[in-house]
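Read the structure below first, then the notes.
In my numbering, the protein residues as written are 14 to 220.
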């Protein structure tokens, strides 16, 4: 069976720290691991540079979510397109000067009162990052989001920076640990010679 959007052309060694053991997955094993990650409600972070297909890939992951689960989708612009009877989309509103009248952070706080099974945040860009991590650790496993980063390690650094900018009083090393403990599966995308592909899938070891 074709792995489709879950196809992984290459893998590599990408240690993410000593607190948690991670393993690299490639090929058909990657496709199976991604489906398992969705079905077992693991928190997933998709990272990549510009035009690497992060939103398209997130759509593919969402297609694997059971229909009975309630999803809250939060975006700046409506890009996530799924056929799911229990999905509710929330879009950030901007004023005439481009400033957010209703921010992703506002929508995320509102979403927590809507009894979601999973929270899907289109992209982590600002102070909503800290609220998202707290949400996935307090009864919303299986949540997903994306971030702009060129490697899994940089994704962790970028997410850690967003958490610190949101006003976290934790030390930077503690924030990194918190990120690694909050995200179960990292997916790295790249665009090379016009082709989009997965370069790494890093999942928390079952051991």
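C-beta atoms are modelled at their ideal positions from N, C-alpha and C, and glycine is treated no differently.
The alpha-carbon of residue 152 is positioned some 22 angstroms away from that of residue 139. Contact annotation: residue 156 and residue 172 have beta-carbon atoms that are not nearer than 9 angstroms.
200 is the residue among 89, 204, 200 whose C-alpha sits nearest the C-alpha of residue 44. Judged by DSSP in its simplified three-state form, residue 98 adopts coil rather than helix or strand.
For the segment 47-77, the full-length alpha helix (DSSP H) segments reaching 4 residues or more read 67-75 along the chain. In this structure, residue 60 sits away from residue 154, with a CB-CB distance that is not shorter than 9 angstroms. A distance below 9 angstroms separates the beta carbons of residue 175 and residue 142. Contact annotation: residue 58 and residue 196 have beta-carbon atoms nearer than 9 angstroms.
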